[in-house]
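Residue numbering for the sequence shown follows numbering that gives the first Met the number 0, starting at 0 and increasing by one per position.
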Amino acid sequence: MIGRPLVRQLVAAGHAVAGMTSREQNAAGIEAAGGQPVVCDALDAEAVKRTVAQATPEVVISQLTRLPADYNPRKIDYGPTNRARHEGGRNLIAAAREAGAGRFVSQSVAFIYAPEGGMVKDEEAKPWIGAPEPFANGAKSTLDHEREVVEAPGMDGVVLRYGQFYGPGTYYASDGSVAEQVRRRRFPIVGGGGGTFSFIHVEDAASATVAAVDRGAPGIYNVVDDEPAAERDWLPVYAEALGAKPPRRVPTWLARIFAGQFAVIMATELRGASNAKAKRELGWQPTYASWRTGFSEALG
Ligand SMILES: NC(=O)c1ccc[n+]([C@@H]2O[C@H](COP(=O)([O-])OP(=O)(O)OC[C@H]3O[C@@H](n4cnc5c(N)ncnc54)[C@H](OP(=O)(O)O)[C@@H]3O)[C@@H](O)[C@H]2O)c1
0 MIGRPLVRQL VAAGHAVAGM TSREQNAAGI EAAGGQPVVC DALDAEAVKR TVAQATPEVV
60 ISQLTRLPAD YNPRKIDYGP TNRARHEGGR NLIAAAREAG AGRFVSQSVA FIYAPEGGMV
120 KDEEAKPWIG APEPFANGAK STLDHEREVV EAPGMDGVVL RYGQFYGPGT YYASDGSVAE
180 QVRRRRFPIV GGGGGTFSFI HVEDAASATV AAVDRGAPGI YNVVDDEPAA ERDWLPVYAE
240 ALGAKPPRRV PTWLARIFAG QFAVIMATEL RGASNAKAKR ELGWQPTYAS WRTGFSEALG
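Next up, the structure:
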């Protein structure tokens with residue numbers, strides 16, 4: 000999702016970009032975005048070393064993930080993503096160091112803060128370690144990867160905690176799996192709907208990443224829009240942008256039975272994130288400052 004806009008924006012900013020994919024058939028998309036495609040499995044440490052060395056990179060960016068096309072919080076298996084992000088990420092870090100890169104930029108998620116205290120968190124806030132499965136092992140692997148990036152010796156490590164992506168190709172795009180659930184009225188407002196989401200358009204996630212290639216002290220940055228929002232507020236606006244009927248409301252006990260504890264906590268307890276540090280230190284501004292207009296203007 001982020002890869003193609005990111006390659007396009009990096010090239011537009013004057014960078015020479017090698018774009019890695021594990022699948023031959025995805026090479027054309029990288030080329031169309033202006034990058035030099037390289038086919039390599041991130042889980043093959045030796046191949047990654049050779050591939051990265053050939054690119055002689057100044058900066059290496061990891062966007063490794065392996066999420067399913069359908070988003071279902073009850074069934075989601077973070078195993079493949081954990082492997083791609085953590086093991087693949089570790090291979091990339093080692094290869095970047097060996098190739099003499101000075102900076103490593105990697106992705107993480109902004110929906111990782113413990114559901115306690117204020118509803119909007121900065122980067123110092125406690126992450127959610129004791130979440131119900133399947134989120135807990137996803138969070139652990141994400142935090143382990145973050146640590147390995149920030150502590151990588153000899154390189155500046157930058158972690159970008161992106162909000163929920165919307166825009167072309169995402170779960171929230173008009174043809175995405177969340178859109179389908181909302182159209183079928185299977186994505187209700189649960190209980191008071193106080194769970195706070197932070198969104199980011201993929202083009203803005205990409206522009207923050209381009210900024211982080213050149214700027215910002217090593218460390219962690221939330222990359223989210225300006226308006227963290229409770230589910231009860233954003234979901235009706237999203238449904239309207241899709242031309243769908245308004246979402247139903249269901250009590251938490253019922254949602255727990257049908258969707259599971261993790262989905263209920265997301266809908267009622269999730270914390271949002273502040274982008275103040277990214278704006279200040281990366282000199283970055285999202286084009287879509289709020290989902291409120293972004294959903295109707297650029298859903299994809
Ligand atoms: N989607 C969201 O709402 C969201 C929110 C916050 C953060 N993030 C994070 O942002 C990052 C980018 O997300 P995205 O939605 O753009 O992901 P995506 O579309 O699934 O892209 C993942 C990329 O990883 C590559 N990849 C996976 N396994 C690989 C392997 N073994 N070898 C080489 N390449 C491999 C895939 O390439 P091929 O398939 O072509 O091999 C693909 O280009 C992810 O790390 C994700 O966790 C996403």
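The C-beta atom is built at its ideal place from N, Cα and C for all residues, glycine as well.
Are there 16 or more other CB atoms within 10 angstroms of the CB of residue i, so buried, or fewer, so exposed?
i	result
residue 106	buried
residue 145	buried
residue 230	buried
residue 48	buried
residue 188	buried
residue 79	exposed
residue 125	exposed
residue 213	exposed
residue 226	buried
residue 276	buried
residue 233	buried
residue 252	exposed
residue 69	exposed
residue 29	buried
residue 206	buried
residue 175	buried
residue 131	exposed
residue 90	buried
residue 202	buried
residue 264	buried
Any heavy atom of ligand 1 closer than 7 Å to the Cβ of residue i?
i	result
residue 92	no
residue 108	yes
residue 78	no
residue 112	no
residue 136	no
residue 286	no
residue 237	no
residue 161	yes
residue 355	Past the edges of the chain, shown from 0 to 299, lies residue 355, and the structure says nothing about it.
residue 50	no
residue 205	no
residue 269	no
residue 143	no
residue 87	yes
residue 84	yes
residue 25	yes
residue 102	no
residue 7	no
residue 146	no
residue 354	It is not possible to answer for residue 354, since the shown part of the chain is limited to 0 through 299.
residue 169	yes
residue 22	yes
residue 41	yes
residue 66	yes
residue 261	no
residue 164	yes
Going by C-alpha to C-alpha distance, which of the options sits closest to residue i?
i	options	result
residue 35	125, 251, 22, 6	6
residue 370	247, 129, 3	No answer is possible for residue 370: the residues shown for the chain start at 0 and end at 299.
residue 190	207, 235, 254	254
residue 64	137, 93, 118, 29	137
residue 37	19, 46, 27	19
residue 274	266, 8, 283	283
residue 14	1, 59, 23, 40	59
residue 249	267, 243, 238	267
residue 297	172, 82, 91, 195	172
residue 154	92, 208, 114	92
residue 122	219, 224, 8	219
residue 42	25, 143, 156, 86	86
residue 288	263, 224, 278	224
residue 157	66, 10, 216, 72	216
residue 210	244, 100, 278	278
residue 239	152, 17, 94, 295	295
residue 73	40, 271, 186	186
residue 139	178, 81, 55, 120	81
For residue i, does the three-state DSSP call read helix, strand or coil?
i	result
residue 108	strand
residue 155	strand
residue 163	strand
residue 17	strand
residue 128	coil
residue 134	helix
residue 141	helix
Cβ of residue i within 7 Å of any heavy atom in ligand 2?
i	result
residue 19	The model depicted lacks ligand 2 and carries ligand 1 instead.
Does residue i come within less than 8 Å of chain B when only Cβ atoms are used?
i	result
residue 131	Structure shown: chain B not included; a single protein chain is present.
**OP:** Note down, one range per segment and in chain order, each beta strand (DSSP E) of at least 3 residues found wholly within the stretch 34 to 106.
**Re:** 35 to 38, 58 to 61
**OP:** May I have a chain-ordered list of the beta strand (DSSP E) segments no shorter than 3 residues that lie completely inside the stretch 208 to 294?
**Re:** 218 to 222
Original post:
Quick one: complete alpha helix (DSSP H) runs, 4+ long, within the stretch 165 to 202?
Top reply: 176 to 182
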